[in-house]
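Contents: one structure, followed by commentary.
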Amino acid sequence: MKTVKIFILFLLISLSVKANDYKASLFGIKSDGITNNTGSIQKAIDYISEHGGGTLIFYVGRYLTGTVQLKSNVYIKLEEGAVLVGSQTPYDYFGTNDNRAIVEANGQTNVGVLGEGSDGVVEGAGDILVKNINNLLKAGYIKSSMAPGLIAFTNCANVSVSSLNLWYGPYSALTLINCRTVTVKGISIDGKGISSSGGIFLKNCQWVTVKDLFVKVNRKPMVSEDNQFLTIQKVMTDNGTSLSAHPM
Amino acid sequence: MLTSLILLLIFSVDVHAKDFNIAGFGARNDGVTLNTNIIQGAIDYITGNGGGRLVFDSGVYVTGSIYLKSNVILYLKEGAELRSSGNPFDFQKNKYTGWTSMIFAIKQSNIGIMGKGTINGLGYVTANNLVTYIHLGLVTDPLNLDRPSEVNRPANIDFKECTNIKITGITLKNPASWNQIYDQCRGVYVDNIRVDSKSYWNNDGIDIVDCDGVTIKNSSFDAADDVLCFKSFDPSKVCQNVVVDSCVVRSSANGLKFGSTNKGGFKNFKITNLQIFNTYRSAIALEDVDGGGINNILIDGIKAYNIGNVIFLRVGDRRSEGRTPSFSGVTIRNIYAEIASSKPDSGYRYEGPFEDLPRNIPPSVIAGLPEWRIKNVTLKNIEIVYPGGGNPHYAFRGISKQELESIPELPYAYPEFDMFKELPAWGFYVRHADHISFDHIVLKSKEKDYRPAIVLDDAKGIQMKDTKISEPENGKKKEIILNNSTTTK
Chain A
6 MKTVKIFILF LLISLSVKAN DYKASLFGIK SDGITNNTGS IQKAIDYISE HGGGTLIFYV
66 GRYLTGTVQL KSNVYIKLEE GAVLVGSQTP YDYFGTNDNR AIVEANGQTN VGVLGEGSDG
126 VVEGAGDILV KNINNLLKAG YIKSSMAPGL IAFTNCANVS VSSLNLWYGP YSALTLINCR
186 TVTVKGISID GKGISSSGGI FLKNCQWVTV KDLFVKVNRK PMVSEDNQFL TIQKVMTDNG
246 TSLSAHPM
Chain B
1051 MLTSLILLLI FSVDVHAKDF NIAGFGARND GVTLNTNIIQ GAIDYITGNG GGRLVFDSGV
1111 YVTGSIYLKS NVILYLKEGA ELRSSGNPFD FQKNKYTGWT SMIFAIKQSN IGIMGKGTIN
1171 GLGYVTANNL VTYIHLGLVT DPLNLDRPSE VNRPANIDFK ECTNIKITGI TLKNPASWNQ
1231 IYDQCRGVYV DNIRVDSKSY WNNDGIDIVD CDGVTIKNSS FDAADDVLCF KSFDPSKVCQ
1291 NVVVDSCVVR SSANGLKFGS TNKGGFKNFK ITNLQIFNTY RSAIALEDVD GGGINNILID
1351 GIKAYNIGNV IFLRVGDRRS EGRTPSFSGV TIRNIYAEIA SSKPDSGYRY EGPFEDLPRN
1411 IPPSVIAGLP EWRIKNVTLK NIEIVYPGGG NPHYAFRGIS KQELESIPEL PYAYPEFDMF
1471 KELPAWGFYV RHADHISFDH IVLKSKEKDY RPAIVLDDAK GIQMKDTKIS EPENGKKKEI
1531 ILNNSTTTK
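Chains as they are written, first to last, in our numbering: chain A, 6 to 253; chain B, 1051 to 1539.
Below is the structure:
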């Protein structure tokens, strides 16, 4: 009897976990690398958040998008071979200079971007995007740079970013401002030679763990300001420097 | 005064128009890149920097919802196409207008879409994608009649409370819902456009709602639903001062449709020189069923071929909500029409549904209610050729007093030319109407029909001058039947 109960409990738990996983294709999200999925990914995030939360899972493929805003209790998971590809269009990004990014969240709880193993990739549009921004600046159509980061969380709690490759970022790869309880681990940041590429920007955060990182960028690998309870372990740059809690 | 002011505004916009090419903002005409935010960025820049034309060179520009703003003209060069992405999640439902659309404008002035290019809503794809998401539970919609609500499917254009609008030269095709909606706008100028609107249900031609000062001319329309649609949604507004001239119309519903929603009324219309063909329902439908009123309407010069019906004038009591309709002062003249013997829109995409069977080919209808009458209608110089052949064994309505008075009034029903099912005439059926003038009316039936040509029931002060009726083998059949009706000279 007891075993049955435990079994049922186990079944319920596993069911509930399963029920919270959503495949990207359910929302019509396309893996072809040319369909701009912003509207569909945002719809997916909104829907999952409104239905008790869960994980939006991307399997192998290239998923083009502009800024999407994560909502509470929603995680994006990039399985092996899944690449979240940033749009080359500056107008496809929203937010302030601090939090403009491909994946962005502001004022949300229980959010994150997770990889599987270390194969998930968030890929910025790099030099092409920078060139497009400069063209608009030159024409006078925009006033400031509009360069987006790859992932940015502001005013969030319980944030996870793990097992990811963050590539070709034209700006900070990962930004965390005014967040509480943050785990960043197993991240490889590679600006791939983009001149404006940056690493991690951490400001006004509490209870942050950053570990197992490799950072290769053209600007500062890490900027850390006014954080409390910050733990940094095994954060290496490409020239072999190991970064500590307050390296700047 | 207003007209000259509007003209002046149009003129001044054109004079100062500066051109901005959308390519300069990074748009791609590759048919793949989603340009929504680029187009919006360009519009926002131009409206904030003195206005001008946003020029699209030849190519396919994929987009979702955008908002047109004051002093900006979208200029689509020949071969340029603004095309829906087909993804309903790329489109917004605007809370203020209540509609979903590709191109919105709300409370803007001096705006337009011009050039020789195309707006393509990719309606069939977009609508069916939406249906899939509704079935998956991702979008909430009752799917009435197995289709998403009209307001949840993107129209091509939804302009509300805008002033001085120019829509010229372009082709508008394949919306997922209505095609182009102008609601409470002042100064709408539509010239030389082509409308191909039959990709999904409810694909109208053009919807003019509670507007003041509208010109539609030199344009062609092919639509699954009603084509030239005039509506009044707001009881405190009037849809008025409208000119329509020289248009070609094809519809799987009505060609010229006033209504059905008519809460504030229609006033001062001049409609001239229309050609209407392969149209399933009425060429001319004037409907006053929500207490709004229809006054001072001139319809002059229509040639109609292969159509279901010519004239349908109706006062009803569907959603009057305390308002009293006033249907008066309508002149319809210089009409030549040939009624179809089989389904006029057969083979067109989203052809009209069979309804109200069994019935023989219906006559033109002028039908008020006993207490709410249709008044002062002049019908002049009208020739209608009917197929005839009405078969009493298929459907029958007799002409005795009792039979005529047993025809249901249907005050609350949706107004449509065939709403009464079988009617007792093949040419004109007039009921609860006063001072209707028939002046040089020619009614020809190609085959013998069991019904008379004209039935007047509770019609007072009817004037008949120079009426010509021809029907083969009609023997001694009386072609004009009066019940409780009076005629004058």
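Even for Gly, the Cβ is constructed at its ideal location relative to N, Cα and C.
Taking Cβ positions only, does A:I39 come closer than 8 Å to chain B? If you number the first sequence from 1, residue 39 of chain A lands on position 34. It does; some Cβ of chain B falls within 8 Å.
Taking A:G57 as the query, report the chain B residues whose CB atoms sit under 7 Å from its CB, ordered along the chain. Counted from its first residue, the first sequence places residue 57 of chain A at position 52. Residues of chain B passing the Cβ test: none, with the nearest at roughly 14 Å.
Could you compute how far the alpha carbon of B:A1303 sits from the alpha carbon of B:V1427? Sequence index remark: in the second sequence, residue 1303 of chain B carries index 253 (1-based). Sequence index remark: in the second sequence, residue 1427 of chain B carries index 377 (1-based). Approximately 24 Å, taken between the alpha carbons.
Per-residue burial, B:Q1452 [other beta carbons within 10 Å of its own, 16 or more giving buried]: Residue numbering aside, residue 1452 of chain B sits at position 402 when the second sequence is read from its first letter. The residue is exposed, with fewer than 16 neighbouring Cβ atoms inside 10 Å.
Min CB distance A:A144 to chain B below 8 Å: The sequence position of residue 144 of chain A within the first sequence is 139, counting from 1. Yes, A:A144 counts as interfacial toward chain B.
With a cut-off of 8 Å, does the C-beta of A:S45 fall near any C-beta of chain B? Position 40 of the first sequence, counted from the first residue, corresponds to residue 45 of chain A. Yes, contact with chain B.
Residue-chain proximity (B:L1084, chain A), Cβ-Cβ < 8 Å: Here residue 1084 of chain B corresponds to residue number 34 of the second sequence, with the count starting at 1. Closer than 8 Å to some Cβ of chain A, the Cβ of B:L1084 qualifies, so yes.
Looking at the structure shown, is A:F63 part of a helix, part of a strand, or coil, going by DSSP? As a position in the first sequence, residue 63 of chain A is number 58, starting the count at 1. It is a strand residue.
Hey, how far is the Cα of B:G1171 from the Cα of B:S1310? For the purposes of this step, residue 1171 of chain B is taken as the residue at position 121 of the second sequence. For the purposes of this step, residue 1310 of chain B is taken as the residue at position 260 of the second sequence. Rounded to the nearest angstrom, the two C-alpha atoms are 25 Å apart.
Go to A:K48, then tell me how far its alpha helix (DSSP H) extends in each direction, as first and last residue. Taking the first sequence and counting its residues from 1, one reaches residue 48 of chain A at position 43. Its alpha helix (DSSP H) spans residues 43 to 55.
Using only CA atoms, which one of B:P1437, B:A1273, B:P1375, B:S1376 lies nearest to B:F1327? As a position in the second sequence, residue 1327 of chain B is number 277, starting the count at 1. With distances taken between Cα atoms, B:F1327 lies closest to B:A1273.
Secondary structure at B:V1122, three-state DSSP: helix, strand or coil? Against the second sequence, residue 1122 of chain B aligns to sequence position 72. Looking at B:V1122 - three-state DSSP - the assignment turns out to be strand.
Helix, strand or coil for A:P252, going by three-state DSSP, please let me know. Taking the first sequence and counting its residues from 1, the one referred to as residue 252 of chain A is at position 247. With a pLDDT of 44 at A:P252, under the threshold of 50, the predicted position of this residue should be treated as unreliable, and no value is reported.
Using a Cβ-Cβ distance cut-off of 8 Å, determine whether B:G1081 contacts chain A. Counted from its first residue, the second sequence places residue 1081 of chain B at position 31. Judged by the 8 Å Cβ criterion, B:G1081 is not in contact with chain A.
Any chain B beta carbon closer than 8 Å to A:F63: Here residue 63 of chain A refers to the residue found at position 58 when the first sequence is read from its first residue. A:F63 does not count as touching chain B.
Compile a chain-ordered list of the residues in the stretch 95 to 129 of chain A whose CB is closer than 9 Å to at least one CB of chain B. P95, Y96, D97, Y98, F99
CB-CB under 8 Å to A:S123, same chain, minus the five flanking residues each way: which ones, in chain order? Residue mapping note: residue 123 of chain A aligns to position 118 of the first sequence, counting from 1. Excluding positions up to five away in sequence, the list reads S168, L169, N170, G191, S193.
Completely contained beta strand (DSSP E) runs for the stretch 1089 to 1159 of chain B, where each covers 3 or more residues: 1102 to 1106, 1109 to 1113, 1122 to 1126, 1130 to 1134, 1150 to 1156
So is A:K28 in contact with chain B if we call contact Cβ pairs under 8 Å? In the first sequence, counting from the first residue as 1, residue 28 of chain A sits at position 23. Output row for A:K28: interface = no.
Looking at chain A, is there any beta carbon in it that lies within less than 8 Å of the beta carbon of B:L1186? Taking the first residue of the second sequence as 1, we reach residue 1186 of chain B at position 136. Output row for B:L1186: interface = yes.
Given a threshold of 16 other Cβ atoms within 10 Å of its Cβ, counted over all protein chains shown, does A:S200 qualify as buried or as exposed? Position 195 of the first sequence, counted from the first residue, corresponds to residue 200 of chain A. When all chains shown are included, A:S200 counts as exposed.
Closest by C-alpha distance to B:V1175, when choosing among B:G1136, B:I1096, B:N1356: Locating residue 1175 of chain B in the second sequence gives position 125, counting from the first residue. Of B:G1136, B:I1096, B:N1356, the residue nearest in Cα terms is B:G1136.
Shorter than 8 Å from the beta carbon of A:L20 to some beta carbon of chain B? Position 15 of the first sequence holds residue 20 of chain A. The predicted model places A:L20 with a pLDDT of 44, which falls under 50 and marks its position as unreliable; any figure quoted below should be read in that light. For A:L20, the answer is no, since every Cβ of chain B falls outside 8 Å of its Cβ.
Answer with yes or no whether the minimum CB distance from A:K75 to chain B is below 8 Å. As a position in the first sequence, residue 75 of chain A is number 70, starting the count at 1. Looking at the sequence provided, one finds Leu at residue 75 of chain A rather than Lys. No, because no Cβ of chain B sits closer than 8 Å to the Cβ of A:L75.
Determine the direct distance from the alpha carbon of B:Y1462 to that of B:D1367, and round the result to whole angstroms. Stepping through the second sequence from its first residue, residue 1367 of chain B is reached at position 317. Stepping through the second sequence from its first residue, residue 1462 of chain B is reached at position 412. Computed Cα separation, rounded: 5 Å.
Pull up the DSSP beta-bridge partners for A:Q233, would you. The residue labelled residue 233 of chain A in the question sits at position 228 within the first sequence. DSSP output for A:Q233 lists A:Q211 as bridge partner(s).
Does the Cβ-Cβ distance between B:C1546 and B:K1320 come in under 8 Å? Limits of chain B in this structure are 1051 at one end and 1539 at the other, which puts residue 1546 of chain B out of reach.
Beta-carbon neighbours of A:N137, restricted to chain B and to distances below 7 Å: Translated into the one-based positions of the first sequence, residue 137 of chain A becomes position 132. Neighbours of A:N137 on chain B, chain order: G1076.
Spatial distance of B:A1417 from B:N1178 (CA atoms): To locate residue 1417 of chain B, count along the second sequence from 1; it is residue 367. To locate residue 1178 of chain B, count along the second sequence from 1; it is residue 128. Roughly 39 Å separates the two Cα atoms.
A:N163 beta carbon less than 8 Å from that of A:N115: Here residue 115 of chain A is taken as the residue at index 110 of the first sequence, counted from 1. Here residue 163 of chain A is taken as the residue at index 158 of the first sequence, counted from 1. Contact flag set, yes.
Return the residues of the stretch 1090 to 1121 of chain B that lie within a Cβ-Cβ distance of less than 9 Å from chain A, sorted by chain order. Q1090, G1091, A1092, Y1095, N1099, V1112, G1114
Does the beta carbon of A:G71 sit closer than 8 Å to a beta carbon anywhere in chain B? Here residue 71 of chain A refers to the residue found at position 66 when the first sequence is read from its first residue. By this cut-off, A:G71 is an interface position.
A:A162 bridges to which residues according to DSSP? Here residue 162 of chain A refers to the residue found at position 157 when the first sequence is read from its first residue. Answer by DSSP bridge pairing, in chain order: A:T114, A:R185.
What residues of chain B sit near A:L31, judged by a beta carbon separation below 8 Å? Working through the first sequence from its first residue, we reach residue 31 of chain A at position 26. Chain B residues near A:L31: L1186, L1188.
Within a Cβ cutoff of 8 Å, which residues of the same chain sit near B:S1199, ignoring the five residues on either side of it in sequence? Translated into the one-based positions of the second sequence, residue 1199 of chain B becomes position 149. Around B:S1199: D1191, P1192.
Rounded C-alpha distance that separates B:T1537 from B:M1514: One-based indexing of the second sequence puts residue 1537 of chain B at position 487. One-based indexing of the second sequence puts residue 1514 of chain B at position 464. Near 7 Å, if we compare the C-alpha coordinates of B:M1514 and B:T1537.
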